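With numbering that gives the first Met the number 0 applied, the sequence shown covers 0 to 243.
See below for the structure under consideration.
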Amino acid sequence: MRHVEHVMGTVFSFDVRDPVDAREGVAEAVAWLHRVDATFSTYRPDSPVSRLGRGEIGLADCPEEVAEVLGLCEAVARTSGGYFTARPGGSLDPSAIVKGWAVERASRILIRAGAPNHCVNGGGDMRLSGAAAPGRPWRVGVADPLRPGELAAVVAGTDLAVATSGTAERGPHILDPHTGRPATALASVTLVGVSLTMVDAYATAAFAMGDAAREWVARLDGVEAFAVTADGRTWRTPGFPLCR
Numbered sequence: 000m001r002h003v004e005h006v007m008g009t010v011f012s013f014d015v016r017d018p019v020d021a022r023e024g025v026a027e028a029v030a031w032l033h034r035v036d037a038t039f040s041t042y043r044p045d046s047p048v049s050r051l052g053r054g055e056i057g058l059a060d061c062p063e064e065v066a067e068v069l070g071l072c073e074a075v076a077r078t079s080g081g082y083f084t085a086r087p088g089g090s091l092d093p094s095a096i097v098k099g100w101a102v103e104r105a106s107r108i109l110i111r112a113g114a115p116n117h118c119v120n121g122g123g124d125m126r127l128s129g130a131a132a133p134g135r136p137w138r139v140g141v142a143d144p145l146r147p148g149e150l151a152a153v154v155a156g157t158d159l160a161v162a163t164s165g166t167a168e169r170g171p172h173i174l175d176p177h178t179g180r181p182a183t184a185l186a187s188v189t190l191v192g193v194s195l196t197m198v199d200a201y202a203t204a205a206f207a208m209g210d211a212a213r214e215w216v217a218r219l220d221g222v223e224a225f226a227v228t229a230d231g232r233t234w235r236t237p238g239f240p241l242c243r
């Protein structure tokens, strides 16, 4: 079963590979994504996160998920030495972790619905659960940010989380929190791991770090990276599941 949903300002796709009727599970996952959008959207002036950022309400007045996400943001900020922040540019905006966190929860909904082999893709951030087919891993192309239409790498594996941060779609938009200026050393960085919540946030931090991200990611448990630099070079950590 396949389904496409426009939500959170991007496109989410569901690809269920199990021979089951997954319509109810997908519907529940889609409803969850819309709930996340209504709660966390910084483009909706009436969302709890927008109102919290303006000081109109307190954290106790928000849905419990807001405290959960902000707690995760604080943890990633500590782990990354401040290269991740829930306040880019000074305004409350946890978007850099929300999408991966939401996809992670959507994937768990599908597993509970009896569909353990699936892909949930939220604007290029992907949770690949189980396998693509019996004995066959998932394969994911990493877009080349400097050569539109071409691939820089292909990732292969089972039970993977894959997230990319870069300039290809939106230009230089990720700020280095230490300087307040856009990070420009990398054109893109792709991280793989098990938890898309963490991988998504770590990808943002890694992009802000630039080439220093190589050593930082190498110290993280269960996370690997592949990067394309602004001048077209590439690097990867030793365990990155590159398909040859």
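We put the beta carbon where it would ideally sit given N, CA and C, even for glycine.
These numbers come from a predicted model, not from an experiment.
TODO: Decide yes or no for the touch test of the stretch 11–25 against the stretch 77–92: beta carbon pairs closer than 8 Å, at least 3 of them.
DONE: no
- [ ] Locate the alpha helix (DSSP H) running through Met208, then write down its first and last residues.
- [x] Segment 195–208, the alpha helix (DSSP H) holding Met208.
Task: Three-pair Cβ contact test at 8 Å for the stretch 195–214 versus the stretch 99–118 - done: Below 8 Å, enough C-beta pairs join the stretch 195–214 and the stretch 99–118 to call them touching: three or more.
Task: Nearest-angstrom Cα separation, counted from Ile173 out to Leu195 - done: 19 Å
- [ ] Count the CB pairs spanning the stretch 24–33 and the stretch 106–118 that are closer than 8 Å, and state whether there are at least three.
- [x] yes
Open item on the list: One question on the structure: do Val193 and Gly221 come within less than 8 Å of each other, judged by their Cβ atoms?
Closed with: yes
Open item on the list: Going by C-alpha to C-alpha distance, which of Leu58, His33, Leu51, Arg138 sits closest to His5?
Closed with: His33
Open item on the list: Is it the case that the stretch 159–168 contacts the stretch 203–222, given that we only count it when at least three CB pairs across the two stretches are under 8 Å?
Closed with: yes
Open item on the list: Check for me: the alpha helix (DSSP H) holding His33 runs from which residue to which?
Closed with: 22–39
Task: Alpha-carbon to alpha-carbon, Leu241 and Val216 - done: 16 Å
Open item on the list: Assess contact between the stretch 140–157 and the stretch 55–63, defined as three or more Cβ pairs (one per stretch) separated by less than 8 Å. Is contact present?
Closed with: no
- [ ] Return the chain-ordered list of same chain residues with a C-beta closer than 6 Å to the C-beta of Trp137, the five sequence neighbours on each side being excluded.
- [x] Leu127, Ala131
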